[in-house]
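My numbering puts the first residue of the sequence shown at 44, with every later residue one more than the last. Backbone N, C-alpha and C define an ideal beta-carbon position, used for all residues, glycine too. None of the values given here were measured: they were computed from a predicted structure.
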Amino acid sequence: LFVARNIFFKNVAAPIAKFDKKIVDGTMEGIGNKTVVISQKIKGLQSGKLQDYAFGFIGGVVILALVFIYVWTN
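As structure tokens, then:
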């Protein structure tokens, strides 16, 4: 037990646990935080008004048409 605790846990498991806490957990928390920030920024796009959605759809179609025309003519 002494050998396992002093050699394995202190020299092997402790650095792995530190890596897990700092890198893995930090990455997951960062992704979660970014998801919250992005969702807060884009929630205004959902107005519930049909005319807003239609305007966005038609605008997207016009932009795509212009891109296709530009690509095929050059």
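Inter-residue spacing [alpha-carbon to alpha-carbon] between residue i and residue j
| i | j | result |
| --- | --- | --- |
| aspartate 63 | glutamine 89 | 38 Å |
| leucine 109 | serine 82 | 29 Å |
| tryptophan 115 | aspartate 68 | 47 Å |
| phenylalanine 45 | phenylalanine 51 | 10 Å |
| phenylalanine 100 | isoleucine 74 | 30 Å |
heavy atom of the ligand FMN below 7 Å from residue i C-beta
| i | result |
| --- | --- |
| isoleucine 66 | This structure simply doesn't include the ligand FMN, nor any ligand for that matter. |
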